[in-house]
Ligand SMILES: Nc1ncnc2c1ncn2[C@@H]1O[C@H](COP(=O)(O)OP(=O)(O)OP(=O)(O)O)[C@@H](O)[C@H]1O
Ligand SMILES: [Mg+2]
């Protein structure tokens, strides 16, 4: 043990302004920053939260008010401290905080000045302001007894018995020194505010579903439920509990587009405006969504998994194991739980692919009058087995029908490829190798498949095929037979 009492010491306190500038770079955006402020309101027991703004160019303010239990002067000063609580401290289940940083880091990420006004039942409001310009000037960690002049920003707080308002101004990154009459800047600002609204409806959808009111400019924000609870035809996997029952996983396969109304299909696109963006895990920590549609590094996003969404519920006991970050937008499953999560995810994904491909398969079976067109064929020559490229396959045909000087070279090159197919090697590997062989285009870019499918489809339609027949024909050509789910995208191109 080192005997500290005998050692000389020197103070190396952090330099206030550069430390805060560093915190500004944590990587929040407006959406995650507002969500972090709302976390605090929920932890404070709020039943109503109001998100509002006053557009005024560079002087724009954003303010978030709640009717939670509020703070007294001493509590507020402590709340304004960076690292106001130790991340290792055990917190209540319903507490959404962890680092003692969110209020400050989220605010500073968006603005250079913010004021927190708070009142407890029966008490007068108290307020304090963090001002980066003052910190730069004073070179201290001091906050100011100051509140913004625009009374509208804390009007709501006057109407509630207890609560807290966080007011941001000098929102330098968002308003970019623009003037109030700059319509373009205003448009950009309104756009990010709108997407923040949608983000809030998603992140807090369970709370909203349970009666919490979050208002955006006095209009209630609607919840967006990624699992589309209540919609007909959803297939849910059984719930699995791991980590002594403290983590719950449940995969869902949402209905195929053909089984949804256009409204339901659009709803499913969610705030990220795409089914593909929304496939994957949804990690909830104490019912608050941290990760919304991500495969957590386990798989890539591919269209045929569009219907797969997996619920993963953790509690704040897992914060350090799951590497929850300051912004509450990351969760990483630890090695101990990763394997089981992977297995369960694979089950749900397999089911999702089945549903996704079902309609394509039906088309393939029902309408096909043509025989299957493989790329490779087996044939016998002098009592020996050989493989050659199918000269009737459209891709091979196309290659050889160019009608220019290159055709002979191509023909020759194909011959060399055909004569040297490593059949013995393939057979040995197939029998002995633990690694299974992949299917055509597995895990690589599918653009060429879709492009060629579209070309073929166009040609067939031009040649008088009906849409149904053209699709059925394509579904029976290798390798498109493995990607029947893309058939549906073909119709759009002749519209
Ligand atoms: N709206 C509010 N109502 C009541 N108390 C609040 C409110 N906002 C913040 N506080 C108090 O201020 C403290 C600091 O908030 P801050 O967001 O900085 O950290 P945290 O919520 O504890 O943790 P995290 O960094 O994970 O958000 C909170 O722990 C809470 O006690
Ligand atoms: Mg917080």
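Numbering (the working numbering), first residue to last: 27 to 521.
Even for Gly, the Cβ is constructed at its ideal location relative to N, Cα and C.
The model shown is predicted, which means the values in this text are computed figures rather than measured ones.
Review point. What are the start and end residues of the beta strand (DSSP E) that includes residue 143?
Key: 139-145
request  = Please report how far the alpha carbon of residue 402 lies from the alpha carbon of residue 500, in whole angstroms.
outcome  = 16 angstroms
ask   = Between the C-alpha atoms of residue 156 and residue 360, what's the straight-line distance to the nearest angstrom?
value = 37 angstroms
| request: Please specify which runs of the beta strand (DSSP E), each continuous and at least 3 residues long, are wholly inside the region 315-364, giving them in chain order. | output: 334-340
Identify which residue in 199, 307, 248 and 244 has its Cα closest to the Cα of residue 135. 199
Problem set entry | Cβ-based neighbour list, residue 62, same chain, cut-off 6 angstroms, excluding 5 preceding and 5 following | 128 and 132
TODO: Indicate whether residue 466 and residue 508 have their beta-carbon atoms separated by less than 8 angstroms.
DONE: yes
Exercise for the section: Please state whether DSSP places residue 107 in a helix, a strand or coil. Expected result: coil
Q. Any heavy atom of ligand 1 closer than 7 angstroms to the Cβ of residue 124?
A. yes
| task | Jot down the residue ranges of each uninterrupted alpha helix (DSSP H) in the region 448-485, minimum 4 residues, whole runs only, in chain order. | result | 449-458
| message | Beta-carbon within less than 7 angstroms of residue 425's beta-carbon, same chain only, minus the 5 sequence neighbours each way: which residues are those? | response | 436
Margin query: Which residue marks the beginning of the alpha helix (DSSP H) containing residue 444, and which one marks its end?
Written below: 432-445
Examine ligand 1 and report whether any of its heavy atoms sits within less than 7 angstroms of the Cβ of residue 96.
yes
Short Cβ contact (8 angstroms threshold) for residue 253 with residue 313
no
Per DSSP, cross-strand counterpart(s) of residue 410: 407
**Study point:** Buried versus exposed call for residue 267 [16 or more other C-beta atoms within 10 Å across all chains shown]
**Key:** exposed
Check your understanding: Roughly how many angstroms lie between the CA atoms of residue 346 and residue 120, to the nearest whole one?
Key -> 17 angstroms
Compute the distance between the beta-carbons of residue 154 and residue 102, then report whether it is under 8 angstroms.
-> yes
Inter-residue Cα distance where the pair is residue 311 and residue 64: 15 angstroms
Note to self: Can you tell me whether residue 129 sits near ligand 2, meaning its C-beta is under 7 angstroms from at least one heavy atom of the ligand?
What the structure shows: yes
* Asked: Rounded C-beta distance between residue 235 and residue 93? I'm assuming under 8 angstroms.
  -> Rounded, the Cβ-Cβ distance is 19 angstroms, inconsistent with contact.
Quiz item: By how many angstroms is the C-alpha of residue 349 removed from the C-alpha of residue 374?
Solution: 25 angstroms
Would you call residue 277 buried or exposed, if buried means 16 or more other Cβ atoms sit within 10 Å of its Cβ?
buried
Are there any heavy atoms of ligand 1 lying less than 7 angstroms away from the beta-carbon of residue 66, as far as the coordinates show? yes
State the Cα-Cα distance for the pair residue 524 and residue 471, rounded to the nearest angstrom. Outside the displayed range of the chain (27 to 521) lies residue 524, so it cannot be described from this structure.
query: Looking at residue 58 and ligand 1, is the gap between the Cβ and the nearest heavy atom below 7 angstroms?
result: no
If you run the structure through DSSP and keep just helix, strand and coil, what is residue 136?
helix
Where residue 307 falls: helix, strand or coil (DSSP) = strand
Have a look at residue 59 and residue 353 and give me their C-alpha separation to the nearest angstrom.
7 angstroms
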